[in-house]
Amino acid sequence: MCKEPIGIFDSGIGGTSIFKEINTLLPYEAIIYLADSKNAPYGNKSAEDILQLSIKNTELLINKGCKVIVVACNTATTNAIDYLRKNYNTPFIGIEPAIKPASLKTTTKSIGILATKGTLSSSLFHETSNLYSKGITIIERIGEGIVPLIEAGKIDSDEMRNLLLTYTQPMLDANIDYLVLGCTHYPYLIPLLTKILPQHIKIIDSGLAVAKQTKSILEQACLLNKDRSIPKIELYTNKDTTILENILNHKFKATFLDF
Ligand code: DGL
Numbered sequence: 005m006c007k008e009p010i011g012i013f014d015s016g017i018g019g020t021s022i023f024k025e026i027n028t029l030l031p032y033e034a035i036i037y038l039a040d041s042k043n044a045p046y047g048n049k050s051a052e053d054i055l056q057l058s059i060k061n062t063e064l065l066i067n068k069g070c071k072v073i074v075v076a077c078n079t080a081t082t083n084a085i086d087y088l089r090k091n092y093n094t095p096f097i098g099i100e101p102a103i104k105p106a107s108l109k110t111t112t113k114s115i116g117i118l119a120t121k122g123t124l125s126s127s128l129f130h131e132t133s134n135l136y137s138k139g140i141t142i143i144e145r146i147g148e149g150i151v152p153l154i155e156a157g158k159i160d161s162d163e164m165r166n167l168l169l170t171y172t173q174p175m176l177d178a179n180i181d182y183l184v185l186g187c188t189h190y191p192y193l194i195p196l197l198t199k200i201l202p203q204h205i206k207i208i209d210s211g212l213a214v215a216k217q218t219k220s221i222l223e224q225a226c227l228l229n230k231d232r233s234i235p236k237i238e239l240y241t242n243k244d245t246t247i248l249e250n251i252l253n254h255k256f257k258a259t260f261l262d263f
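The sequence shown begins at 5 in our numbering and counts up one residue at a time.
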């Protein structure tokens, strides 16, 4: 079982921000990554549709023998992880917007959260947000249109810049000092956000935390691979292999799979 791969899925190429952290922290682990780009974005879909897509991805990874599954998508985690944990024996690691660290560290008592509609409207997000919002202003914005642009390879474009300026303006007006990136596609926007935002605003994403959590789950279950040879990395997309390879700077090959 130790040699079996870690399964990772996302609505598209965004979860590669998590894949990279896991591959760096756990270099001897085999990984299977699923980019469900054909169905991206998940963010505007109903909770039921997000659940059904998450089940489809999970079953594919389980059928491929994955020992754990990382739901590298805030939208899928907040809408489906409870169901997945209850219905499959495989351990699941999810990702949620990092409201807690931002709320604990803010000195202006004002933080911004950029995420999808599906994440911001989920009950899991509301529970976490209510838990940490005492005495803090949380400015939420739906990143409408951002994921399709990233999926089209238009990360550093004028369209993207305009969207980010629009979504962050109310946050600047509210004097935020932390911006939480609540979608795994968004870490790819950090270079552009750093140019747009005033220097004192810190950007938080949860990629490294998810990789650490994955390591700790594998340790606890005695599932870390002890073999020190180079592991197999498999990347599958149901859309464009070039876009997936581009975002990973052509370090890995992607395969088309109709799932
Ligand atoms: N990467 C996603 C997330 O973390 C997906 C967004 C989408 O497909 O709308 O929420």
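Here a beta-carbon is modelled for each residue, glycine too, at the ideal position from N, C-alpha and C.
Since we're looking at a predicted model, the values are computed, not measured.
{"Check": "Three-way DSSP call (helix, strand, coil) for Thr120 in this model", "Outcome": "coil"}
{"Check": "Cβ-based burial, Cys226 [other Cβ within 10 Å; buried from 16]", "Outcome": "exposed"}
{"Check": "Start and end residues, beta strand (DSSP E) containing Gly11", "Outcome": "Ile10 to Asp14"}
{"Check": "heavy atom of ligand 1 below 7 angstroms from Asn83 C-beta", "Outcome": "no"}
{"Check": "Inter-residue spacing [alpha-carbon to alpha-carbon] between Lys49 and Ser220", "Outcome": "32 angstroms"}
{"Check": "Which listed residue (Gly69, Thr79 and Gly11) has its alpha carbon closest to that of Ala119", "Outcome": "Thr79"}
{"Check": "Exposed unless 16 or more other CB atoms sit within 10 angstroms - verdict on Pro195", "Outcome": "exposed"}
{"Check": "Proximity test, Asn78 beta-carbon vs ligand 1 heavy atom, cut-off 7 angstroms", "Outcome": "yes"}
{"Check": "Proximity test, Thr188 beta-carbon vs ligand 1 heavy atom, cut-off 7 angstroms", "Outcome": "yes"}
{"Check": "Where Ala39 sits in the DSSP three-state scheme", "Outcome": "strand"}
{"Check": "Local conformation of Leu197 per DSSP, three classes", "Outcome": "helix"}
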